[in-house]
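Asks: Would you mind keeping the following structure in view while I ask a few things?
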Amino acid sequence: MKNNIISLQNISVAFDGERILNDINLDIKDKEFVTLLGPSGCGKTTTLRIIGGFLTPDGGTVKFEGKEINNAPPHKRNINTVFQRYALFPHLNVYENIAFGLKVKKLPDKEINERVGKMLELVNLKGFEKRSINRLSGGQQQRVAIARALVNEPKVLLLDEPLGALDLKLRKEMQTELKRIQQRLEITFIYVTHDQEEALTMSDTVVVMNNGNIQQIGSPVDIYNEPINAFVADFIGESNILNGRMIKDLLVEISGREFECVDKGFGEDVPVDVVIRPEDIKIISPDNAKINGVVQSVTFKGVHYEMVIEAYDFKWLVHSTKAAEVGSNVGLDFDPYDIHIMKKMEVEA
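Residue numbering for the sequence shown follows our numbering, starting at 454 and increasing by one per position.
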């Protein structure tokens, strides 16, 4: 079992009297790819800055390999950071940018040369040593920033929305590239993003945050398939979130109709939130359906059609490879294991 490399215990931060982090607790394991995911202002970058030593928490303890590091400055931590704006030196070429930290440490030229060479190979920039930073594409600049951070051989790499400035195609390529680098080097990556697809694509563990609180921690599959509350369900992918009533174990009422489900332990006659993913809903003949509706809109999305179907004062989002006609009456169907029951929670969006 992997050991915790970083532990945040009861971390709280306030700026100008406003709470940014509310006593959060988080353990990050060695060699793990962890993503802090949430909307702007949720506290994810503040959490990253605390781990990196750029910000001291008002309360709580930061531990690195079991030792408290609250007051250790960034350069005394075995942690490096790649920022959204890569902060490369424009007057230095690619080789000089990557070698900069090693020269500051006054390492022998031979060792610097070897380590920079390995990094150039790792980020697929061999042959670019003498290239000016200003003559690189955004993706290439990002690779230089990653190589510069990794050449110092940190145990943890922090990445603060590093793909934000790239176009969609390049972002997808770099997602794969970052995961490959992390697995090859076997070091801990802590990644900040508000992009759900990025988090689901790259991470071993996703930490969903909102309003300075951790909402849920889990694998991408767990977070997607078993969201803990309406906020997580809505933030991770698209969802139909409906008011329901748990009649008893394995039986829930939605829109006045009873449906078998696989959840239990909520009690009897209890209001609940019901989540059904758009891709789990099948369109059938209205004659055979418990829920009937009218197709309001159909949008072609490439892989599937996205339809909005109004039924019983709720606009259902449905993804299907076959399109129904706008204005037509259709039935909606879903299996018991496609119904996810959650406790009613007051969650600020």
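We put the CB at the ideal spot given by N, CA and C, even for glycine.
Can the beta-carbon of M795 be found closer than 9 Å to that of N682?
Replies: Numbered from its first residue, the sequence shown carries residue 795 at position 342. Numbered from its first residue, the sequence shown carries residue 682 at position 229. Closer than 9 Å, so yes.
Asks: Helix or strand or just coil, what does DSSP make of L398?
Replies: Because the chain is modelled from 454 through 802, residue 398 falls outside the range shown and cannot be assessed.
Asks: Per DSSP, what are the beta-bridge partners of M798 in this structure?
Replies: Position 345 of the sequence shown holds residue 798. Partner(s): none; M798 has no beta bridge.
Asks: Would DSSP call V597 helix, strand or coil?
Replies: For the purposes of this step, residue 597 is taken as the residue at position 144 of the sequence shown. Three-state DSSP puts V597 in a helix.
Asks: Round the Cβ separation of I643 and I481 to the nearest angstrom and send it over; I've been treating them as touching at under 8 Å.
Replies: Against the sequence shown, residue 643 aligns to sequence position 190. Against the sequence shown, residue 481 aligns to sequence position 28. With a Cβ gap of about 6 Å, I643 and I481 count as contacting.
Asks: Just how far apart, CA to CA, sit G780 and E485?
Replies: Residue numbering aside, residue 780 sits at position 327 when the sequence shown is read from its first letter. Residue numbering aside, residue 485 sits at position 32 when the sequence shown is read from its first letter. Straight-line Cα distance between these residues: approximately 49 Å.
Asks: Go ahead and label V659 buried or exposed: buried means 16 or more other beta carbons lie within 10 angstroms of its beta carbon, across all protein chains shown.
Replies: Here residue 659 refers to the residue found at position 206 of the sequence shown. V659 is buried by the Cβ-count criterion.
Asks: When you compare each of V576, P527, Q537 to I551 by their alpha carbons, which one comes out closest?
Replies: Working through the sequence shown from its first residue, we reach residue 551 at position 98. Out of V576, P527, Q537, V576 has the C-alpha closest to the C-alpha of I551.
Asks: I'd like to check one pair, V661 with L612: are the Cβ atoms closer than 9 Å?
Replies: Within the sequence shown, the letter at position 159 stands for residue 612. Within the sequence shown, the letter at position 208 stands for residue 661. No; because the gap between Cβ atoms is not below 9 Å, this pair is not in contact.
Asks: Of all the options G496, G617, N546, which has the alpha carbon lying nearest to the alpha carbon of K583?
Replies: For this step, residue 583 is matched to residue 130 along the sequence shown. Here the closest residue by C-alpha is N546.
Asks: Considering L575, what are the terminal residues of the beta strand (DSSP E) in which it resides?
Replies: Translated into the one-based positions of the sequence shown, residue 575 becomes position 122. Run containing L575: none in the beta strand (DSSP E); it sits in the alpha helix (DSSP H), 562–575.
Asks: What's the call for K497, buried or exposed, on a 16-neighbour Cβ count within 10 Å?
Replies: Counted from its first residue, the sequence shown places residue 497 at position 44. Per the 10 Å Cβ criterion, buried.
Asks: Consult DSSP for H415 and reduce its assignment to one of helix, strand or coil.
Replies: Nothing can be reported for residue 415, as the shown portion of the chain is limited to 454 through 802.
Asks: Name the residue from R530, S585, H647 whose alpha carbon lies nearest to the alpha carbon of I458.
Replies: Within the sequence shown, the letter at position 5 stands for residue 458. Measuring from the Cα of I458, the nearest candidate turns out to be R530.
Asks: Going by Cα to Cα distance, which pick from E626, K558, L603, I762 is closest to E574?
Replies: Taking the first residue of the sequence shown as 1, we reach residue 574 at position 121. Nearest C-alpha to E574: L603.
Asks: Across the stretch 786–795 and the stretch 725–734, are there enough close Cβ pairs to call them in contact, namely three or more that are closer than 8 Å?
Replies: Because the criterion of three Cβ pairs below 8 Å is met, the stretch 786–795 and the stretch 725–734 touch.
Asks: Would G697 be called buried (16 or more neighbouring beta carbons within 10 Å of its own) or exposed?
Replies: If you number the sequence shown from 1, residue 697 lands on position 244. So G697 counts as buried.
Asks: What number of angstroms, rounded off, separates the C-alpha of N523 from the C-alpha of A600?
Replies: For the purposes of this step, residue 523 is identified with residue 70 of the sequence shown, where counting begins at 1. For the purposes of this step, residue 600 is identified with residue 147 of the sequence shown, where counting begins at 1. For N523 and A600, the distance between alpha carbons rounds to 27 Å.
Asks: Taking Cβ positions, are Q669 and A618 nearer each other than 9 Å?
Replies: Residue mapping note: residue 669 aligns to position 216 of the sequence shown, counting from 1. Residue mapping note: residue 618 aligns to position 165 of the sequence shown, counting from 1. No, they are not a contact pair.
Asks: With three or more C-beta pairs closer than 8 Å as the rule, is the stretch 557–574 touching the stretch 503–517?
Replies: Flag = no, the stretch 503–517 and the stretch 557–574 do not touch.
Asks: I'd like to check one pair, V569 with Y539: are the Cβ atoms closer than 9 Å?
Replies: Against the sequence shown, residue 539 aligns to sequence position 86. Against the sequence shown, residue 569 aligns to sequence position 116. For Y539 and V569, no; Cβs fall outside 9 Å.
Asks: Quickly, what does DSSP pair G784 with across the bridge? List them, please.
Replies: On the sequence shown, position 331 is the one that residue 784 refers to. Bridge partners of G784: I737, N745.
Asks: What is the DSSP secondary structure of I503, reduced to helix, strand or coil?
Replies: On the sequence shown, residue 503 is found 50 positions in, with the first residue counted as 1. The answer is helix: DSSP assigns I503 an H, G or I state.
Asks: Sorted by chain position, which residues of the same chain lie with C-beta nearer than 6 Å to K579's C-beta, five sequence neighbours on each side aside?
Replies: In the sequence shown, residue 579 corresponds to position 126, counting from 1. Cβ within range, chain order: L573.
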